[in-house]
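A.B. asks: Taking our numbering, the leading residue of the first sequence gets 994, the next gets one more, and so forth.
Mind having a look at this structure? Questions to follow.
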Amino acid sequence: MNEKFVVRDVENLSLKQIADSGQSFRWKELPDGSFIVTAMGEVVHLVETGDDLIINGINENSFYEKWYNYFDFNRDYKKVKKNLKERDKYLDAAIEYGSGIRILNQELWEIIITFIISSNNNIPRIKNSIELLSRKYGKYIKSVNGEDYYSFPEPKALSEAKLEDLRACGLGYRDKYILKTSRMITDGTIDLETLKVMPLKNAKKELKKLVGVGNKVADCILLFACEKPEAFPVDTWVKKVLEKYYDFHEKKPESINVFVKEHFGAYSGIAQQYLFYYIRHTEHLE
DNA sequence: GTCCAGGCTCTTT
DNA sequence: AAAGAGCATGGA
994 MNEKFVVRDV ENLSLKQIAD SGQSFRWKEL PDGSFIVTAM GEVVHLVETG DDLIINGINE
1054 NSFYEKWYNY FDFNRDYKKV KKNLKERDKY LDAAIEYGSG IRILNQELWE IIITFIISSN
1114 NNIPRIKNSI ELLSRKYGKY IKSVNGEDYY SFPEPKALSE AKLEDLRACG LGYRDKYILK
1174 TSRMITDGTI DLETLKVMPL KNAKKELKKL VGVGNKVADC ILLFACEKPE AFPVDTWVKK
1234 VLEKYYDFHE KKPESINVFV KEHFGAYSGI AQQYLFYYIR HTEHLE
């Protein structure tokens, strides 16, 4: 961890809140409140000091090539918040509460597998499965404080895995989904590079061809890996928010889409992230 | 023991 | 098109 890059005067960023917002499962908190993050084949140690973000483990080149976009520094969150503010009181409170949340731009392939694992699952278990998968099928990157860190497995590695070995990673019945989806990607049935440049509706339709990817998972993939800030994932928590605070009870995905677009606008996906974080930390005893 | 977790697939109306 | 059963697993 000799190399480091310091980002000065960072606004609208809280490592703790991002780590706890359920979009990445490879952030590890250390006792001193700093974080070890594995992504894009690299391992970084993140430290907040005052208004600065210190990224240990990379050089300037890697920051501008990879991590700048990972942290969504292209986006003006002041502008986003201004756009979302005063639409309703609950959202205002959520934005105030999770003011340091950002949407991380993560790798498409990794997010596909990650959110297939997330379905009908809980966060500690999702983290554990991804850790086991990476250790078994990924590549060793480096050791920090005596802990070994591994990259997320390549599509080829998972497509050649044995079902029973996948099952041993705690995937449950999702082992088949992972295997089938991996094969659809390695055999070219679905092309990831094309997906990234498709309009939201087309991309969503394409994503849902993958086994284990339905409406909610597809929206997560679009929001967290395809730079689609209007994608609005509806999970059990967001469903609760819509019912309890927006008096919205319809179940059809299309009617939800209409309501969400009308009410939250072009940044509905980012609004969703504030709402998710807010309800999980105010109505969930951890 | 039951219920739930960032739901999906498959089958039946 | 819409609704229901079944699904692995671990923690509360």
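Don't be surprised by glycine CBs; every beta carbon is placed ideally from N, CA and C.
Compare the C-alpha of Glu1100 against each of Ile1094, Phe1108, Gly1093 and name the closest.
C.D. replies: Answer by Cα proximity: Phe1108.
A.B. asks: On the three-pair Cβ rule with 8 Å, is the segment 1127–1142 touching the segment 1014–1032?
C.D. replies: Judged by Cβ distances under 8 Å, the segment 1127–1142 makes contact with the segment 1014–1032, as three or more pairs qualify.
A.B. asks: Between which two residues does the beta strand (DSSP E) carrying Thr1042 extend?
C.D. replies: Note, Thr1042: beta strand (DSSP E), 1035–1042.
A.B. asks: If you draw a straight line from the C-alpha of Leu1188 to the C-alpha of Cys1219, how long is it?
C.D. replies: Those two C-alpha atoms are separated by around 8 Å.
A.B. asks: Where does the unbroken beta strand (DSSP E) through Trp1230 begin, and where does it stop?
C.D. replies: Not the beta strand (DSSP E): Trp1230 falls in the alpha helix (DSSP H), residues 1229–1239.
A.B. asks: Assign Pro1222 to buried or exposed, taking buried as 16 or more other Cβ atoms, counted over all protein chains shown, within 10 Å of its Cβ.
C.D. replies: Pro1222 should be labelled buried.
A.B. asks: Suppose contacts are defined by Cβ-Cβ distances below 8 Å. Is Ser1144 in contact with Lys1135 by that definition?
C.D. replies: It is not a contact, given that the beta carbons lie outside the stated cut-off.
A.B. asks: Is there contact between the segment 1169–1189 and the segment 1199–1208, where contact requires at least three CB pairs shorter than 8 Å?
C.D. replies: Because the criterion of three Cβ pairs below 8 Å is met, the segment 1169–1189 and the segment 1199–1208 touch.
A.B. asks: Comparing alpha-carbon positions, which option in Asn1250, Val1003, Ser1175 lies nearest Asp1045?
C.D. replies: It is Val1003 whose Cα lies nearest to the Cα of Asp1045.
A.B. asks: Tell me where the beta strand (DSSP E) around Glu1022 begins and ends.
C.D. replies: Run containing Glu1022: 1020–1022, per the beta strand (DSSP E) assignment.
A.B. asks: With DSSP collapsed to three states, give me the class of Leu1278.
C.D. replies: Because Leu1278 sits at a pLDDT of 48, beneath the cut-off of 50, its placement in the model cannot be relied upon, and the following sentence gives the value as read from the coordinates. DSSP places Leu1278 in coil when its eight states are reduced to three.
A.B. asks: Can you tell me the Cα-Cα spacing of His1038 and Asp1240, whole angstroms?
C.D. replies: Distance between the alpha carbons of His1038 and Asp1240: 43 Å.
A.B. asks: Exposed or buried, Arg1001, counting other C-beta atoms within 10 Å across all chains shown (16 or more means buried)?
C.D. replies: By the 10 Å Cβ count, Arg1001 comes out exposed.
A.B. asks: Around the C-beta of Lys1245, are 16 or more other C-beta atoms found within 10 angstroms, so that it is buried, or is it exposed?
C.D. replies: Counting Cβ neighbours within 10 Å, Lys1245 comes out exposed, since fewer than 16 surround it.
A.B. asks: Quick check: what's the CA-CA separation for Phe1056 versus Ile1048?
C.D. replies: Cα-Cα distance, rounded: 9 Å.
A.B. asks: Can you check whether the CB of Ile1110 is closer than 8 Å to the CB of Gln1266?
C.D. replies: The answer is no: Cβ separation not under 8 Å.
A.B. asks: Helix, strand or coil: which one does DSSP assign to Ile1123?
C.D. replies: Ile1123 falls in the helix class under three-state DSSP.
A.B. asks: From what residue to what residue does the beta strand (DSSP E) around Ala991 run?
C.D. replies: Residue 991 lies beyond the stretch modelled for the chain, which goes from 994 to 1279, so this question has no answer here.
A.B. asks: Alpha carbon to alpha carbon, what distance is there between Val1073 and Ile1094?
C.D. replies: Each residue's alpha carbon lies about 12 Å from the other.
A.B. asks: Would you identify the three-state DSSP class for Ser1136, choosing helix, strand or coil?
C.D. replies: The answer is strand: DSSP assigns Ser1136 an E or B state.
A.B. asks: The alpha helix (DSSP H) that contains Leu1101, what's its start and end?
C.D. replies: Where Leu1101 is concerned, the enclosing alpha helix (DSSP H) stretches over 1101–1111.
A.B. asks: Looking at Ala1224 and Leu1268, is the spacing between their C-beta atoms short of 8 Å?
C.D. replies: No. Outside cutoff.
A.B. asks: Look up Leu1268 in the DSSP assignment and say whether it is helix, strand or coil.
C.D. replies: In this structure, Leu1268 counts as helix in the three-state DSSP scheme.
A.B. asks: For Thr1182, does the three-state DSSP call read helix, strand or coil?
C.D. replies: Coil.
A.B. asks: Are the Cβ atoms of Ala1154 and Leu1172 separated by less than 8 Å?
C.D. replies: Their beta carbons are under 8 Å apart, which means Ala1154 touches Leu1172 by this criterion.
A.B. asks: Within 10 angstroms of its Cβ, does Asn1115 collect 16 or more other Cβ (buried), or is it exposed?
C.D. replies: Classification for Asn1115: exposed.
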